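To keep things clear, I will list the structure first and then write my remarks on it.
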């Protein structure tokens, strides 16, 4: 082995440090020469918003009256699936148009494989558009941070939050993307399961101060306390976040059209802390049918699951209220007349089989099916799409709307009603591979494949699962009670074969030669 | 000058050796813990980020570590000039400071690790005062008495001597790191 001399080491260290100093650190820039003919594109994403919990999609509680009325003049997708069941993977699928086994943001806080960095709305829309990004969720913020040079205005996650001015990352405003990764994703990391906690005592003190701040607020409007972006120590009020979203859109509309604006808003993500007027809702006798405990679940009781589900539904009702107010303001100012508005989520939430939350090995409908509504400029009528679609379809669709080139690496297709055609028998995949190395073939993962009426769930590499495959007929059994794997052997075999061929193809670039 | 001030400069004047020795141990702990945690992240950084960006992360990390190490040294010095003011044996200053730093940082690290798995983080934080009072109640006498035991004293002095090497590695790197952070943040 070649010995590295001290001189060589110092040279190498110098090169790395010079690279570190010179790597572009631009976070904000403004341009004004724009082509005014193209439509604006606004994406409003509510984190962890599960489609089966929206009255729009038939949920028995009236959780989303405002979204329901917005749907009356939008295209509504009824079987829209996220590429995964947690933020990093699901958001990366939405923004790259690729499935997790390709983009590789598969672990908590994961990023996009460098080979595919150029495939995202910011780079592909190019300078014809003014490009805006705001994500309250730090994991989505870090994903967008990889395309920082192509984002014209990139707000920090703490924007419009209650401790906005005290965010330590704000000390490094001119290099806030790298500062976010270094501090939020590493040094100050207080929660997360992809390694040890952040090493910094300052980070712990920051988190501790935030929690004490929340504890002292004691606002009557928030009897359960103030909601917090759990990964980022950012307490926030939804009313202020949505006010901020409207302010940004007003400014973009008056100064920067055409523009692409992506809002990744944290609510209704855990912790569910609805405002007092929404806490009054849903004191009803609703009781979903119990499902058998999953072998890998926490084993929570049905009463606990229902109490958490009710709190979540109330949080959704508040999000719906804020969204309704936002739409009314956008209508009043005529902002939607030349804008596409895409309303969706990055993944869902689950309250069944002894489990609460998302991001674990539970790939059931509540965790994967997300809302998708697209309002085209001046659209007045509702259109319903029932064919299965994937959130990997959003990037190619918005590129098509903007008249831009769609790279061949994108897995998604044009959405029906926006240049694509409805394909009822298309295989739509969702992948959870948080336990798998990002740079190795997928050997430990849970994959759900929806095709036609059926859904296959495959558990790869999980010894806890006596039955590595589950099969459901969603047409006759939308709540996934009856596992047909033992009964419908032909269907299982066909779907398994198709899934394994996709997996083999996806693993090829990672197999050792 | 009042009485405490006079004692500060007479009985408590620290030698350069004391300060550097205690600081070296603090630096060793703070920086090494960051380096160890970074090893968990490093493979994924290699996969997603450029070498320059990885260098930038370490630049931020070392800059923050530097601040933390100075704050810890200040904390230990504060203890030496307040709580341990009545202790006159100058030979015990170094082992006592090292022990205080070890207990302070060790407890804080332990608390950080516990915090990660704690479901009700707000309740965890609300118990902070009790935690530190208990640490203080147990730690202070332990520091005072352990520093008097010869073999412990010898080990701690040995540790300080060896840790000095790390100062020569970490501090120049920190200086470069601070320069990098400043350059990246110049408008």
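Residue numbers (my numbering), protein chains in the order written: chain A, 1 to 513; chain B, 1001 to 1187. We put the beta carbon where it would ideally sit given N, CA and C, even for glycine. Quantities reported herein were computed from a predicted structural model and do not represent experimental measurements.
query: Spatially closest choice to residue 1060(B) from 185(A), 105(A), 111(A) and 97(A), by CA coordinates; result: 185(A)
query: Delimiting residues of the beta strand (DSSP E) encompassing residue 264(A); result: 259–265
query: Three-state class that DSSP yields for residue 230(A) in the structure shown; result: coil
query: DSSP beta-bridge partners of residue 130(A); result: 259(A)
query: Residue from 52(A), 113(A) and 242(A) whose Cα sits closest to the Cα of residue 474(A); result: 52(A)
query: Counted within 10 angstroms of its Cβ, other Cβ atoms place residue 393(A) as buried (16 or more) or exposed; result: buried
query: Minimum length 3: unbroken beta strand (DSSP E) runs contained in the segment 26–110 of chain A; result: 40–46 and 75–77
query: Burial state of residue 351(A), where buried means 16 or more other Cβ atoms lie within 10 Å; result: buried
query: Residues within the segment 158–184 of chain A neighbouring chain B, beta-carbon criterion of under 7 Å; result: 172, 174, 175, 178, 179, 181, 182 and 183
query: Burial state of residue 397(A), where buried means 16 or more other Cβ atoms lie within 10 Å; result: buried
query: With 16 other Cβ atoms within 10 Å as the buried cut-off, status of residue 283(A); result: exposed
query: Element boundaries [beta strand (DSSP E), containing residue 344(A)]; result: 339–344
query: Residues in the segment 89–115 of chain A having any Cβ partner in chain B nearer than 8 Å; result: 104, 107, 110, 111, 112, 113 and 114
query: Proximal residues of chain B, C-beta to C-beta of residue 200(A) below 7 Å; result: 1064 and 1068
query: Under the three-state DSSP convention, the category residue 505(A) falls into; result: helix
query: Coil, strand or helix - residue 253(A) by DSSP; result: helix
query: Test: residue 515(A) CB closer than 8 Å to a CB of chain B; result: Outside the modelled stretch of chain A, which goes from 1 to 513, sits residue 515(A), for which no answer is possible.
query: Residue 39(A) classed as buried or exposed, judged by whether at least 16 other C-beta atoms fall within 10 angstroms; result: buried
query: Interface flag, residue 1152(B) vs chain A, CB-CB below 8 Å; result: no
query: Whole-Å CB distance - residue 236(A) paired with residue 146(A), under 8 Å assumed; result: Not confirmed; about 24 Å, so no contact.
query: Residue 89(A) classed as buried or exposed, judged by whether at least 16 other C-beta atoms fall within 10 angstroms; result: buried
query: Distance between beta carbons of residue 305(A) and residue 85(A), contact taken as under 8 Å; result: The pair is not a contact, with the Cβ atoms about 17 Å apart (cut-off 8 Å).
query: Rounded straight-line distance, which links the Cα of residue 202(A) to that of residue 211(A); result: 14 Å
query: Cβ contact check for the segment 121–140 of chain A and the segment 155–165 of chain A: 3 or more pairs under 8 Å; result: yes
query: Distance between beta carbons of residue 1058(B) and residue 112(A), contact taken as under 8 Å; result: In fact, because the Cβ distance is near 22 Å, the residues do not count as touching under 8 Å.
query: Contact check, residue 442(A) vs residue 436(A), beta carbons under 8 Å; result: yes
query: Per-residue DSSP class, three states only, for residue 300(A); result: coil
query: Min CB distance residue 1077(B) to chain A below 8 Å; result: no
query: Identified DSSP bridge partners for residue 473(A); result: 454(A)
query: Sheet register partners of residue 446(A) (DSSP bridge); result: 432(A) and 459(A)
query: is_contact[residue 351(A), chain B] using C-beta, thresh 8 Å; result: no
query: Interface residues of chain B facing residue 187(A) [CB-CB closer than 8 Å]; result: 1034, 1060, 1061 and 1064
query: With 16 other Cβ atoms within 10 Å as the buried cut-off, status of residue 1044(B); result: buried
query: Three-way DSSP call (helix, strand, coil) for residue 376(A) in this model; result: coil
query: Sufficient close CB pairs (3 or more, under 8 Å) joining the segment 1091–1098 of chain B to the segment 1141–1150 of chain B; result: yes
query: Coarse secondary structure for residue 223(A), derived from DSSP in three states; result: coil
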